[in-house]
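K.L.:
Input: one structure, supplied below.
Residue numbers (this note's numbering), protein chains in the order written: chain A, 1 to 257; chain F, 1001 to 1299.
Pasting the structure below:
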């Protein structure tokens, strides 16, 4: 369970350019819940993920994971229980290393990186089995440098790497945004399958309203550091893309766009 | 002939330093000037210890350890005190100059009459008395091969993979739940350990320590790395370490040739710098050309 309690976050505090991002923001996400987050640019979606992962600090407030206060915990320590996929496929993989080397690196997450050999022959078959269902032919390209793969292939590898070890949470930051529609579809279906299989508490930021409606158990719409829409269960299932679009247009009018 | 042997000797000694710089420059993408201080650090420490009668082989290990400490401090300044990479290393380089003088006690410390790793009762006996012409070369080659194999092995371990990953994509290392700062410090430590060990071997080959011995080390190391990876990096049989070793020998050869062609030994640093500039520019051209060939192949 993720709990954000009375989060305050200002940028450039005390200066003329002071910008309030979150002013007393609170949110609770239940264990195993798959939450989609939508909202316009600058509404605080990505900042929300960054705050949970520790990539940015909060000025006031508390962040709790399963009751444990992690507000002051270092970002890399938090990531031990978090899998994270970024918008940029390059961020989730090492471009100069091969698929095999990347998978071996991720396979060791949670364990010490000591002087044992990284690529174990006994694990290669397992990596192949993970890659095969993608139908991207990656299982036969294990010795290829990840940097020479297409964005979609690279993102698929990043998603597998983020979820191959036991984690509690999955954080997806517009992870299909840089992909073509067909590849985005493949990655989205793969995401859903992994989340269901592993019962991961998932937060997905997306600009694709259809994905937000079709996937996940709950939908949040953010606007100026607040949630202005929060639907789950039956309410969420009955929601259509047009409904969200309607709310979107309302807030845009308010802002004078 | 003596000239060729001396080129190979010094080229291989400097190759160990260049392997260290490969870690910082190519793997970590860290412009590390510490080496100008850690190379003579190994030299001064070895000269003092040898003049006091210590086993010369042990001084190699102690020099490596001293380099580890120097690299760790540079890493600490950069990672924990958040000083820019090149500045952190220049601070350390400057500080080490005085540290080296303190260790040696004076600016020039000869060790002509002492045993060293190349010539001592054991090696002299193996090579059949007297100092055989290839004695130094063979001993240097053995050490270089051992270091090369150790580094190749290390970079295939889990720890070695993290080192490669942190230079490639820091974000991923954080995602793996690892403190990227620690990995960088580890890389700098290993690199400077190798550099200091190379300095120890150099002082024992020259049979003295001199305080100005480290000037230009970074340039020599970078030139070797760049020449090696640009010329030999594309040969599939050669891995990075072999390429860097060959690059170092070739670079020493070029410097020796320049002096042979009539330049004075006082021009050495100028030759070092100009050659480095040439190599830098040519390697960029080579890369551009290779990129074009690759694109054509793909099309």
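Idealized CB from N, CA, C, for every residue including glycine.
Would you please verify whether the beta carbon of residue 118/A is less than 7 Å from any beta carbon of chain F?
P.N.:
At least one chain F Cβ lies under 7 Å of residue 118/A.
K.L.:
Does residue 1128/F come out as helix, strand or coil in the three-state DSSP assignment?
P.N.:
It is coil, neither helix nor strand.
K.L.:
Could you compute how far the alpha carbon of residue 942/F sits from the alpha carbon of residue 1243/F?
P.N.:
With chain F covering 1001 to 1299 only, the question about residue 942/F has no answer from this structure.
K.L.:
Short of 6 Å in beta carbon distance, which residues of its chain neighbour residue 1258/F, apart from the five on each side in sequence? Order them along the chain.
P.N.:
So the list reads 1271, once near-sequence residues are dropped.
K.L.:
Hey, residue 1064/F and residue 1197/F: beta-carbon distance below 7 Å or not?
P.N.:
Closer than 7 Å, so yes.
K.L.:
Are the beta-carbon atoms of residue 1158/F and residue 114/A separated by less than 7 Å?
P.N.:
The answer is yes: Cβ separation under 7 Å.
K.L.:
Which residues in the same chain as residue 1141/F place their Cβ atom closer than 7 Å to its Cβ, once the five residues preceding and following it in sequence are excluded?
P.N.:
Correct list, in chain order: 1012.
K.L.:
What did DSSP end up calling residue 258/A once you bin it into helix, strand or coil?
P.N.:
Since the first residue of chain A shown is 1 and the last is 257, residue 258/A is not available in this structure.
K.L.:
Quick check: residue 210/A and residue 241/A, are their CB atoms within less than 7 Å of each other?
P.N.:
Contact flag set, yes.
K.L.:
For residue 227/A, which residues from the same chain have a beta carbon less than 6 Å from its beta carbon, with the 5 sequence-adjacent residues on both sides left out?
P.N.:
Cβ neighbours of residue 227/A beyond the five flanking positions: 220.
K.L.:
Start and end of the beta strand (DSSP E) containing residue 20/A?
P.N.:
Where residue 20/A is concerned, the enclosing beta strand (DSSP E) stretches over 19-29.
K.L.:
Does the pairing of the region 1101-1116 of chain F with the region 1221-1234 of chain F give three or more beta-carbon distances under 8 Å?
P.N.:
Contact between the region 1101-1116 of chain F and the region 1221-1234 of chain F is absent, because fewer than three Cβ pairs lie under 8 Å.
K.L.:
Quick one: what does DSSP say residue 257/A is sitting in, helix, strand or coil?
P.N.:
Low confidence applies here, because residue 257/A scores a pLDDT of 48, under 50, leaving its location unreliable and the question unanswered by this model.
K.L.:
At a CB distance below 8 Å, what residues from the region 1147-1165 of chain F approach chain A? Give them in sequence order.
P.N.:
Listed by position along the chain: 1154, 1156, 1157, 1158, 1159, 1160, 1161, 1162, 1164, 1165.
K.L.:
Since residue 1180/F is in the alpha helix (DSSP H), which residue starts that stretch and which ends it?
P.N.:
Segment 1180-1206, the alpha helix (DSSP H) holding residue 1180/F.
K.L.:
Under the assumption that residue 1040/F contacts residue 1213/F (Cβ atoms under 8 Å), give the Cβ distance between them as a whole number of angstroms.
P.N.:
That belief holds up - the Cβ atoms of residue 1040/F and residue 1213/F are roughly 5 Å apart, short of 8 Å.
K.L.:
Please work out which residues of its chain come closer than 8 Å, Cβ to Cβ, to residue 101/A, disregarding the five sequence neighbours upstream and downstream, and give them in chain order.
P.N.:
The residues are 94, 118, 119.
K.L.:
Quick check on residue 1024/F - is its C-beta less than 7 Å from some C-beta in chain A?
P.N.:
No, residue 1024/F does not count as interfacial toward chain A.
K.L.:
Which value, in whole angstroms, describes the spacing of the CA atoms of residue 1111/F and residue 1072/F?
P.N.:
Cα to Cα, residue 1111/F sits roughly 29 Å from residue 1072/F.
K.L.:
Output yes if chain D places a C-beta closer than 7 Å to the C-beta of residue 1176/F; else output no.
P.N.:
Of the protein chains in the structure, A and F, none is chain D.
K.L.:
Measuring CB to CB, does residue 62/A end up less than 7 Å from residue 178/A?
P.N.:
It is not a contact, given that the beta carbons lie outside the stated cut-off.
K.L.:
Skipping 5 residues on each side, what residues in its chain have a beta carbon closer than 6 Å to that of residue 34/A?
P.N.:
Closer than 6 Å at the Cβ level, and outside the excluded window around residue 34/A, lie 195, 202, 216, 217.
K.L.:
Taking 8 Å as the limit between beta carbons, can you name the residues of its chain near residue 1150/F, skipping five residues before and five after?
P.N.:
Same-chain partners within the cutoff: there are none.
K.L.:
Roughly how many whole angstroms lie between the Cα atoms of residue 1048/F and residue 1248/F?
P.N.:
In a straight line, the C-alpha of residue 1048/F is about 27 Å away from that of residue 1248/F.
K.L.:
Need the endpoints of the alpha helix (DSSP H) that residue 186/A sits in, please.
P.N.:
Unbroken alpha helix (DSSP H) run through residue 186/A: 181-198.
K.L.:
Indicate whether residue 223/A and residue 26/A have their beta-carbon atoms separated by less than 7 Å.
P.N.:
Result no, Cβ atoms of residue 223/A and residue 26/A do not sit closer than 7 Å.
K.L.:
To which residues of the same chain is residue 168/A closer than 8 Å at the C-beta, ignoring the five residues directly before and after it?
P.N.:
Around residue 168/A: 65, 66, 81, 82, 200, 201.
K.L.:
By Cβ distance, which residues of its chain are closer than 8 Å to residue 1291/F, with the 5 residues on each side in sequence left out?
P.N.:
Around residue 1291/F: no qualifying Cβ.
K.L.:
In this structure, how does DSSP classify residue 230/A when only helix, strand and coil are distinguished?
P.N.:
Strand at residue 230/A.
K.L.:
Note down, one range per segment and in chain order, each alpha helix (DSSP H) of at least 4 residues found wholly within the region 1047-1108 of chain F.
P.N.:
The qualifying runs are 1056-1079, 1085-1104.
K.L.:
Taking the straight line between their C-alpha atoms, what separation do you get for residue 1217/F and residue 103/A?
P.N.:
Roughly 37 Å separates the two Cα atoms.
K.L.:
Have a look at 92/A, 49/A, 111/A, 140/A and flag the residue whose alpha-carbon is nearest the alpha-carbon of residue 3/A.
P.N.:
Of the listed residues, the one whose Cα sits closest to residue 3/A is 49/A.
K.L.:
Under a CB-based cut-off of 7 Å, is residue 1229/F close to chain A?
P.N.:
So no, residue 1229/F is outside the interface.
K.L.:
Out of curiosity, what's the CA-to-CA distance linking residue 257/A and residue 99/A?
P.N.:
With a pLDDT of 48 at residue 257/A, under the threshold of 50, the predicted position of this residue should be treated as unreliable, though the coordinate-derived value follows. Each residue's Cα considered, the two are about 45 Å apart.
K.L.:
With residue 84/A and residue 171/A assumed to form a contact (beta carbons below 8 Å), what rounded beta-carbon distance in angstroms separates them?
P.N.:
Rounded, the Cβ-Cβ distance is 4 Å, consistent with contact.
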